[in-house]
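In the working numbering, the protein residues as written are 2 to 441. Glycine included, each C-beta is placed from N, C-alpha and C at the ideal position. The structure displayed is predicted, hence computed values, not measured ones. Quick notes on the structure that follows.
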Ligand SMILES: NC(=O)c1ccc[n+]([C@@H]2O[C@H](COP(=O)([O-])OP(=O)(O)OC[C@H]3O[C@@H](n4cnc5c(N)ncnc54)[C@H](O)[C@@H]3O)[C@@H](O)[C@H]2O)c1
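Next comes the structure, spelled out in structure tokens:
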């Protein structure tokens, strides 16, 4: 078995932590038991690009029980838990290619290692695996259709957006199940999972008291709603900045202050972006921020905080704690928060110095500074993923379209011990599939 991980000796700790998560993933456990009996993915190569966490280990174990040959790489260079990677490789026999804080080059080398396994099903969190397949297919002159996977699954909002863009341009080469769009994914994972783990990440990195702080949330989508609510629950005064007027109105009715980010910049103690957009916080905001403002991102890619502009603005930067970078600002010209005028350095009686703290280099704060979503919520998300893989394996012979497919998994009574699942897809001619009406 091939793998590339940091340190095999971490496997013992990883195994214990994986067991802790597995004990909290009851829906996935029921699926795993059935998979173990029926082997619906027998000898099927699956390539997955997901965050390497204890919860992902739960999914990996279920796919392995189904008979799949699974290769796994990370969907973010900073989210890998090295002990989990070691245990997956050496306790569970899964090919893992992931090392925490790997360089961009290694990140893509690991994606390449997963693709060497010639996966029939791909699984993504952010669409990097599918995008790589599309680029290499184009580089080969669009000639190798028979080696394309049967289908794929996509875990997150940003990945679905990227794939829908490919679909719209007529360039999507094979169908993708938008797992993110299943209610049993985004209603819980994005809202409660991102909500709790984002606060967890900020607190672990800074140990800052949230109560009484002014907490600015950029984006009031599924994740933003969760982050705002959890921050409020810890006693913060929450301000929401949202570009969609309907969601902004919803935030007002949910009891939050809503204003443009430019206005909120001078008020916030903590800023979190969770939009899926680029350059949400830029120099015009940094320049207005208070001394010691903390800035973090929970959106998928590290593009929401414009760190290039912060670098230009700053006189210096240094790491002050693990995953906390201090930028010193004020030895250059700045814009007066009061008048809005630019005050050149030479005109400042005493050049101001203020510090801005950026967490985890603007990468997913919940996965970089904490452990990501709790197992209970990933149980639902990964139940969707496991069933989506089974669905692709059972239906790929149909003349399916190259679409981003909506996928619904109804998980009924998950907490009552008798889980019932029903799976159906919006994509004709993909058949609807009803799993075990009397229980999984
Ligand atoms: N950290 C995690 O573990 C995690 C989990 C799930 C999703 N995500 C990622 O979080 C991001 C948001 O996901 P979501 O499901 O909430 O998406 P969503 O589409 O439900 O919400 C995004 C919101 O941001 C708003 N927005 C866009 N640009 C903005 C801007 N410049 N300023 C203010 N608001 C803006 C949109 O109008 C929308 O309401 C995505 O990148 C997604 O992939 C992260």
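Could you pull the start and end residues of the beta strand (DSSP E) that residue i belongs to?
i	result
residue 272	271–274
residue 320	317–322
residue 241	238–242
residue 125	122–125
residue 48	46–50
residue 330	325–330
residue 358	355–360
residue 73	70–74
Which of the three DSSP states, helix, strand or coil, is assigned to residue i?
i	result
residue 158	helix
residue 228	helix
residue 2	coil
residue 94	coil
residue 181	helix
residue 216	strand
residue 431	At residue 431 the pLDDT is 38, less than 50, meaning the model places this residue with poor confidence; the figure from the coordinates comes in the next sentence. It is coil, neither helix nor strand.
residue 211	coil
residue 311	helix
residue 298	strand
residue 417	Residue placement at residue 417 cannot be trusted, given a pLDDT of 37 that sits under 50; what the coordinates show is reported in the next sentence. Three-state DSSP puts residue 417 in coil, outside helix and strand.
residue 24	coil
residue 192	helix
residue 248	helix
residue 152	strand
residue 368	helix
residue 35	helix
residue 268	coil
residue 259	strand
residue 8	coil
residue 288	coil
residue 100	coil
residue 412	Its pLDDT being 48, under 50, residue 412 is placed unreliably by the model, and the measurement read from it follows with that caveat. Here residue 412 sits in strand by DSSP.
Please state whether the Cβ-Cβ distance between residue i and residue j is less than 9 Å.
i	j	result
residue 202	residue 371	yes
residue 224	residue 199	yes
residue 122	residue 50	no
residue 301	residue 127	yes
residue 239	residue 217	yes
residue 211	residue 271	yes
residue 54	residue 373	yes
residue 15	residue 79	no
residue 259	residue 241	yes
residue 277	residue 196	no
residue 318	residue 327	yes
residue 177	residue 214	no
residue 391	residue 36	yes
residue 164	residue 140	no
residue 68	residue 40	yes
residue 42	residue 394	yes
residue 167	residue 83	no
residue 315	residue 32	no
residue 52	residue 368	yes
So residue i packs on residue j, CB below 8 Å; how close in whole Å?
i	j	result
residue 44	residue 73	So it is not a contact: roughly 17 Å between Cβ atoms.
residue 309	residue 356	Not really, about 19 Å apart at Cβ, beyond 8 Å.
residue 93	residue 65	6 Å
residue 75	residue 8	About 15 Å; that fails the 8 Å criterion.
residue 181	residue 155	6 Å
residue 85	residue 162	28 Å between Cβ atoms; not a contact.
residue 365	residue 77	6 Å
residue 114	residue 5	7 Å
residue 375	residue 256	No, residue 375 and residue 256 are not in contact; Cβ-Cβ is about 25 Å, not under 8 Å.
Kindly indicate if chain D contains any beta-carbon less than 9 Å away from that of residue i.
i	result
residue 372	Considering every chain present, this structure includes no chain D. It has just one protein chain.
At which residues does the alpha helix (DSSP H) containing residue i begin and terminate?
i	result
residue 58	55–66
residue 393	376–396
residue 114	105–116
residue 133	129–140
Stretch pair the segment 124–131 + the segment 92–105: three plus CB contacts closer than 8 Å: Look at the beta carbons and you see the segment 124–131 not touching the segment 92–105: under three pairs across the two are nearer than 8 Å.
Touching by the beta-carbon criterion (3+ pairs, under 8 Å), the segment 380–390 and the segment 54–69: Here the segment 380–390 makes contact with the segment 54–69; the two share three or more CB pairs at distances below 8 Å.
At least 3 beta-carbon pairs within less than 8 Å: the segment 9–24 vs the segment 116–129: no
Three or more C-beta pairs below 8 Å linking the segment 286–305 and the segment 255–269: yes
Stretch-stretch touch, CB-based, cutoff 8 Å, three pairs: the segment 225–243 with the segment 315–323: no
Validate contact between the segment 296–315 and the segment 357–365 using beta carbons, cut 8 Å, 3 pairs: yes
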